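Reviewing the structure listed below.
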Amino acid sequence: MCPTLERHERWRGQDEGVRFAVELHGHSLIEQIETAFTILELAPGLGFTLDPSHFVCMEIPMARVAEIREHLYHVHLRNGKPGNFNVPMSEGNVDFAELKRMLSDVGYKGYAAIEYISTLDLNVTPDILELRSVWNEAGGTIARP
Numbered sequence: 232m233c234p235t236l237e238r239h240e241r242w243r244g245q246d247e248g249v250r251f252a253v254e255l256h257g258h259s260l261i262e263q264i265e266t267a268f269t270i271l272e273l274a275p276g277l278g279f280t281l282d283p284s285h286f287v288c289m290e291i292p293m294a295r296v297a298e299i300r301e302h303l304y305h306v307h308l309r310n311g312k313p314g315n316f317n318v319p320m321s322e323g324n325v326d327f328a329e330l331k332r333m334l335s336d337v338g339y340k341g342y343a344a345i346e347y348i349s350t351l352d353l354n355v356t357p358d359i360l361e362l363r364s365v366w367n368e369a370g371g372t373i374a375r376p
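Counted the way my numbering counts, the sequence shown spans residues 232 to 376.
Next comes the structure, spelled out in structure tokens:
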């Protein structure tokens, strides 16, 4: 075996139950669903971290995002709107109930993490509490700290 391939082979974690995921989002290697499928062909077993705010920002419908739902290993929760992937809950368009249904349809049992980037000039604590409430009402679980 080629030494480089042999070295990369050691990084494969499948045999040990380790799964690798890359985040799908705008202005990155994987910002389109088509690219995600190409990556899956090149790296079987790789999964994705989904942050729906990026798709709302780029105006990609959740129905398109649902095409890769079986390959999701992690989820970020944050609100977004067209043109902006980091907005307060009161300004965003992410349908968290629809997201939770999509994840439930494939039996997603992974984690969901609330994520905010410090570009917002606001106290994010009320937003985090609201997002946790919205997610829990949709059937998800975000524990209290």
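Glycine is no exception: its CB is placed at the ideal position from the N, C-alpha and C atoms.
A quick note: this is a predicted structure, and the numbers were derived from the prediction, not measured.
- Relative to residue 280, the option among 366, 309, 363, 314 whose CA is nearest is 309.
- Between the segment 334-345 and the segment 285-293, the count of C-beta pairs closer than 8 angstroms stays below three; the two stretches do not touch.
- Secondary structure note for residue 271: its alpha helix (DSSP H) is the uninterrupted segment 264-273.
- The shortest CA-to-CA distance from residue 276 to any of 339, 305, 250, 316 is the one to 250.
- Spanning the alpha carbons of residue 326 and residue 320 requires a straight line of approximately 11 angstroms.
- The C-alpha of residue 330 is placed about 25 angstroms away from the C-alpha of residue 272.
- Fully enclosed beta strand (DSSP E) runs of no fewer than 3 residues occupy 343-345 of the segment 331-371, in order along the chain.
- Per the coordinates, the alpha-carbon of residue 261 lies some 30 angstroms from the alpha-carbon of residue 360.
- CA-to-CA, the gap between residue 371 and residue 301 works out to about 17 angstroms.
- With at least 16 other beta carbons inside 10 angstroms of its own, residue 339 counts as buried.
- Under DSSP, residue 276 shares a beta bridge with no residue.
- Membership of residue 252 in the beta strand (DSSP E) is indicated by the continuous run 252-255.
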